[in-house]
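If you count the sequence shown from 1, position 222 lands on 1388 in our numbering, and the numbers rise without skipping.
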Amino acid sequence: MSTEDLFFDEQPLITDIPEKTPWKLMVIDDDKVLHALTRMVFEGFRFQGRNLNIMGAYSGQEAKKLIQQHPDTHVMLLDVVMETDHAGLKVVDYVRHELKNKFVRIILRTGQAGLAPEHQVIMEYDINDYKEKSDLTAQKLITAVTASLRNYNDLKTIEQLSINLQKTNQRLQEEIKERIHVENTMRKLSTALEQTADTVLITDKNGLIEYVNHAFESVTGYCKMDIMGNTPSFLKSGKQSRTFYKKLWTTILQGNVFSDIFINKKKDGSIFYEEKTITPLKDEHNNITHFVATGKDISERIETPIQYSNG
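This is the structure:
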């Protein structure tokens, strides 16, 4: 076998390529000849790369059963006069009102137009076209069905766009609710931080101040606008060793909480004692992003010289 034979032997046969789902055309007429003619007219018919699957029924009652079995039918060619003078119109009512099927395109055909005048039918029934059989040539029939298939596609596209829009709106509403919830939570947290008696100081991971609460301003005498972007080193009194601060930074940079008594200095130069806890905040990747320091002024509780840590 040549290399050329091997190459072509590897290619899939055209018959192996799956066909797109065929369109469904339902023919409802008590005239068997019209069934046969309709099949002949649509032999080899394709629209948008899809074949046509033709189903048939010979009465209004049969039509109701068939549409129940195939609610995804795309087009219905429906005779008006069958077992009764208005059998086809009853099928229209059944499809639209009982089955609530608004998508199937319905083309009425009649050989006795006088029994169901066109203007009356168009006004009262939810149909898409109304043709007299004598006027419905093969080409006009193909045109009518093609237009109905295109119309069906448009309706489905609109439906999908509507569903997508509803989903988008729902998602936006959920996001808005979540944002409002977060904002309310942050507002409550902010209020709590401002009203708490404990001092609160928040820095970024490099130790630069991003927030202090009202209690911090009251205790230290520093205005928040004067210290934003600075490090808290201005609080140092010089009464605690480098070892103390080295232990502090070693602990918090490892992601652990540090608690101890700090001897700090106020803006006016006076000394105060503070029970302080410094907590590292981490993101979802466990990286430190901020440090939160909360403290309580305990100067008034100290009556004798305090034994503070020097490391």
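Using N, Cα and C, we set each Cβ at its ideal position, and we do this for glycine too.
* Asked: Roughly how many angstroms separate the alpha carbons of isoleucine 1293 and glycine 1215, rounded to a whole number?
  -> For this step, residue 1293 is matched to residue 127 along the sequence shown. For this step, residue 1215 is matched to residue 49 along the sequence shown. Between isoleucine 1293 and glycine 1215, the C-alpha separation is close to 26 Å.
Between lysine 1413 and asparagine 1330, what straight-line distance do the alpha-carbon atoms span, to the nearest angstrom? One-based indexing of the sequence shown puts residue 1413 at position 247. One-based indexing of the sequence shown puts residue 1330 at position 164. C-alpha separation (whole angstroms): 57 Å.
Next on the checklist: For methionine 1221 and isoleucine 1273, I'd like the C-alpha separation in whole angstroms.
Outcome noted: On the sequence shown, position 55 is the one that residue 1221 refers to. On the sequence shown, position 107 is the one that residue 1273 refers to. Distance between the alpha carbons of methionine 1221 and isoleucine 1273 is about 15 Å.
ask   = Are phenylalanine 1213 and leucine 1315 closer than 7 Å when you measure CB to CB?
value = What you label residue 1213 is simply residue 47 of the sequence shown in a count that begins at 1. What you label residue 1315 is simply residue 149 of the sequence shown in a count that begins at 1. In contact: phenylalanine 1213 and leucine 1315 (Cβ atoms closer than 7 Å).
request  = For phenylalanine 1424, name the three-state secondary structure that DSSP assigns.
outcome  = Here residue 1424 refers to the residue found at position 258 when the sequence shown is read from its first residue. In this structure, phenylalanine 1424 counts as strand in the three-state DSSP scheme.
Worksheet item: Taking all protein chains shown into account, do 16 or more other C-beta atoms lie within 10 angstroms of the C-beta of arginine 1408, making it buried, or fewer, making it exposed?
Response: If you number the sequence shown from 1, residue 1408 lands on position 242. Of the residues assessed, arginine 1408 falls on the exposed side of the cut-off, its CB having fewer than 16 other CB atoms within 10 angstroms.
Next item on the list: Determine the direct distance from the alpha carbon of leucine 1255 to that of leucine 1302, and round the result to whole angstroms.
Entry: Mapped onto the sequence shown, residue 1302 falls at position 136. Mapped onto the sequence shown, residue 1255 falls at position 89. Taken atom to atom, the span from the alpha-carbon of leucine 1302 to that of leucine 1255 is near 19 Å.
Do the region 1374-1386 and the region 1443-1451 touch if we need at least three Cβ pairs shorter than 8 Å? no
On the CB-based measure, 16 or more other CB atoms within 10 Å of its CB, does threonine 1250 come out buried or exposed?
On the sequence shown, residue 1250 is found 84 positions in, with the first residue counted as 1. So threonine 1250 ends up on the exposed side.
Just curious, the beta strand (DSSP E) that isoleucine 1454 is in, first and last residue? Position 288 of the sequence shown, counting from 1, holds the residue named residue 1454. Following the DSSP letters along the chain, one finds isoleucine 1454 inside the beta strand (DSSP E) bounded by residues 1454-1463.
| said: Quick check: what's the CA-CA separation for asparagine 1430 versus methionine 1394? | reply: On the sequence shown, position 264 is the one that residue 1430 refers to. On the sequence shown, position 228 is the one that residue 1394 refers to. Between asparagine 1430 and methionine 1394, the C-alpha separation is close to 18 Å.
Inset, instruction - Could you check if leucine 1191 is buried or exposed, using at least 16 other CB atoms within 10 Å of its CB as the buried criterion? - result: By 1-based counting over the sequence shown, the position of residue 1191 is 25. Buried, because 16 or more other Cβ atoms sit within 10 Å of the Cβ of leucine 1191.
Please name the residue, chosen from Leu1244, Met1391, Val1385, that lies closest to tyrosine 1508 on a Cα-to-Cα basis.
Residue 1508 falls outside the range modelled here, since the chain spans only 1167 to 1477, and no answer is possible.
Relative to the C-alpha of tyrosine 1248, which residue among Arg1345, Val1193, Thr1417, Ile1233 is closest?
The sequence position of residue 1248 within the sequence shown is 82, counting from 1. According to the sequence shown, residue 1248 is methionine rather than tyrosine. Closest option to methionine 1248, Cα to Cα, is Val1193.
If we require 3 or more residues per run, which beta strand (DSSP E) segments fall completely within the region 1238-1291?
Residue ranges of uninterrupted beta strand (DSSP E) with 3 or more members, entirely inside the region 1238-1291 and ordered along the chain, are 1241-1245, 1271-1276.
- Task: Indicate whether asparagine 1267 and valine 1261 have their beta-carbon atoms separated by less than 7 Å.
- Result: The sequence position of residue 1267 within the sequence shown is 101, counting from 1. The sequence position of residue 1261 within the sequence shown is 95, counting from 1. Between asparagine 1267 and valine 1261, the CB-CB gap stays under 7 Å.
Tell me whether the region 1428-1442 and the region 1461-1469 touch, counting them as touching only if at least three CB pairs, one residue from each stretch, are closer than 8 Å.
Three or more Cβ pairs drawn from the region 1428-1442 and the region 1461-1469 lie within less than 8 Å of each other, which places the two stretches in contact.
- Query: Within this structure, are the beta carbons of asparagine 1379 and glutamate 1349 separated by less than 7 Å?
  - Reply: Translated into the one-based positions of the sequence shown, residue 1379 becomes position 213. Translated into the one-based positions of the sequence shown, residue 1349 becomes position 183. Going by C-beta atoms, asparagine 1379 is not nearer than 7 Å to glutamate 1349.
*asked:* Could you compute how far the alpha carbon of threonine 1386 sits from the alpha carbon of lysine 1433?
replied: Walking along the sequence shown from the start, residue 1386 turns up at place 220. Walking along the sequence shown from the start, residue 1433 turns up at place 267. Between the alpha carbons of threonine 1386 and lysine 1433 lies a gap of roughly 6 Å.
Exercise for review: Could you please give the first and the last residue of the uninterrupted alpha helix (DSSP H) stretch that includes aspartate 1320?
Suggested key: Taking the sequence shown and counting its residues from 1, the one referred to as residue 1320 is at position 154. Its alpha helix (DSSP H) spans residues 1304-1361.
### Task
Flag this pair as yes or no: are the beta carbons of threonine 1369 and phenylalanine 1424 separated by less than 7 Å?
The count along the sequence shown starts at 1 and reaches residue 1369 at position 203. The count along the sequence shown starts at 1 and reaches residue 1424 at position 258. In this structure, phenylalanine 1424 does not lie closer than 7 Å to threonine 1369 by Cβ.
Run of the alpha helix (DSSP H) containing lysine 1158, from where it starts to where it stops
Nothing can be reported for residue 1158: it is not among the residues displayed for the chain, which extend from 1167 to 1477.
* To do: In angstroms with no decimal places, state the Cα-to-Cα distance between glutamine 1339 and leucine 1232.
  => Residue 1339 sits at position 173 when you count from the first residue of the sequence shown. Residue 1232 sits at position 66 when you count from the first residue of the sequence shown. Those two C-alpha atoms are separated by around 42 Å.
Worksheet item: Do glutamate 1441 and isoleucine 1427 have their C-beta atoms within less than 7 Å of each other?
Response: Looking up residue 1441 in the sequence shown gives position 275. Looking up residue 1427 in the sequence shown gives position 261. Yes, the Cβ-Cβ distance between glutamate 1441 and isoleucine 1427 is below 7 Å.
For threonine 1490, the first and last residue of its enclosing alpha helix (DSSP H) = An answer regarding residue 1490 cannot be provided, because it is not within the stretch 1167 to 1477 covered by the chain.
(request) Can you have a look at tryptophan 1415 and say buried or exposed, based on whether 16 or more other CB atoms are within 10 angstroms of its CB? (result) Within the sequence shown, numbered from 1, the residue matching residue 1415 stands at position 249. Its Cβ having fewer than 16 others within 10 Å, tryptophan 1415 is exposed.
query: Cβ of histidine 1285 less than 7 Å from any chain C Cβ?
result: You won't find chain C in this structure, because it holds only one protein chain.
Original post:
How would you write the range of the beta strand (DSSP E) that threonine 1365 sits in, first residue to last?
Top reply: Residue numbering aside, residue 1365 sits at position 199 when the sequence shown is read from its first letter. First-last of the beta strand (DSSP E) with threonine 1365: 1365-1370.
>> Buried or exposed for leucine 1307, going by 16 or more other Cβ atoms inside 10 Å?
In response: Indexing the sequence shown from 1 puts residue 1307 at position 141. Result: buried.
### Query
Based on the DSSP secondary-structure assignment, which residues constitute the bridge partners of glutamate 1441?
The residue labelled residue 1441 in the question sits at position 275 within the sequence shown. Answer is Ile1427, Lys1462.
Checking the sheet assignment: what are the DSSP bridge partners for asparagine 1219?
Position 53 of the sequence shown, counted from the first residue, corresponds to residue 1219. Bridge partners of asparagine 1219: Lys1190.
- Query: According to DSSP, which residues form a beta bridge with leucine 1447?
  - Reply: Numbered from its first residue, the sequence shown carries residue 1447 at position 281. In the DSSP output, where bridge partners are listed per residue, leucine 1447 has His1456.
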